[in-house]
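Asks: Just so we're aligned, residue 16 is where the sequence shown starts under this note's numbering, counting upward by one. Every residue, glycine too, gets a C-beta built ideally from N, C-alpha and C. Take a look at the following structure, please.
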Amino acid sequence: MARPIPLELPPRDPREELRKRLEQAPIKHAEALLDSCELLQKLHDHGVFELLRGALGASDKLIETAVDAAKSDESIRAIRNAMIVGKMLASINPDVLQSVAAAVGETLGCYEKPVIEPPGLFSLLAQFSHKELRRSMALLNKFLESLGNQIKLRGSCK
Numbered sequence: 016m017a018r019p020i021p022l023e024l025p026p027r028d029p030r031e032e033l034r035k036r037l038e039q040a041p042i043k044h045a046e047a048l049l050d051s052c053e054l055l056q057k058l059h060d061h062g063v064f065e066l067l068r069g070a071l072g073a074s075d076k077l078i079e080t081a082v083d084a085a086k087s088d089e090s091i092r093a094i095r096n097a098m099i100v101g102k103m104l105a106s107i108n109p110d111v112l113q114s115v116a117a118a119v120g121e122t123l124g125c126y127e128k129p130v131i132e133p134p135g136l137f138s139l140l141a142q143f144s145h146k147e148l149r150r151s152m153a154l155l156n157k158f159l160e161s162l163g164n165q166i167k168l169r170g171s172c173k
């Protein structure tokens, strides 16, 4: 009859395995360790660690101050307004917004104060013969009409 082969495994020591890995880490990762030491030194030189220690030490006070500021009526309105502006910008066709940005750049884009002499009555009437002016005025009129309807629907400001 066959005899079983005795198998004796040495007990596994996780601390010893970690020690061996740590001993070989400087060899395997020398460049990364040097870079991380340099980064840590720069963070220390610029006082980032002191700032973080102070923030962690005063975390309760910082959170309390932030919550108090966020509970104010002005903050709530600002957050709501930011969300509305975000929705408004998301609803605008990017091509139209690009056209508006280009027109603003052409009209007001110079570094100096733009000098635009007011046109006379007849030259002003002559400008209405330009298709582009009529197109932009129609767009402006449509916007103003829609704005008037929204004001009428929502009532007056309180």
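What did DSSP end up calling K173 once you bin it into helix, strand or coil?
Replies: Only weak support exists for where K173 lies, its pLDDT of 49 falling under 50; the coordinates are left without a value.
Asks: Report the rounded CA-to-CA distance for A5 versus E127, giving the unit in angstroms.
Replies: The requested residue 5 is not part of the displayed model; the chain covers only 16 to 173.
Asks: Can you give me the C-alpha to C-alpha distance between A118 and K43, rounded to a whole angstrom?
Replies: 59 angstroms
Asks: Using DSSP with H/G/I as helix, E/B as strand and the rest coil, what is L22?
Replies: Three-state result, L22: coil.
Asks: Between which two residues does the alpha helix (DSSP H) harbouring F64 extend?
Replies: 63-72
Asks: In the DSSP assignment, the alpha helix (DSSP H) including K102 goes from what residue to what residue?
Replies: It spans 88-106 - the alpha helix (DSSP H) in which K102 sits, taken as one unbroken run.
Asks: Excluding the 5 residues flanking P25 on each side, which residues of the same chain have their C-beta closer than 8 angstroms to its C-beta?
Replies: Counting only Cβ-Cβ distances below 8 angstroms, and skipping sequence neighbours, we find nothing.
Asks: Distance, Cα to Cα, L112 vs L136?
Replies: 31 angstroms
Asks: By how many angstroms is the C-alpha of N108 removed from the C-alpha of G149?
Replies: One point to set straight first is that residue 149 is Arg, not Gly, in the sequence displayed. So the alpha carbons of these two residues sit roughly 21 angstroms apart.
Asks: Measure the alpha-carbon distance for E32 versus Q39 and round it to whole angstroms.
Replies: So the two alpha carbons sit approximately 11 angstroms from each other.
Asks: With DSSP run on the structure shown, which of helix, strand or coil describes R150?
Replies: helix
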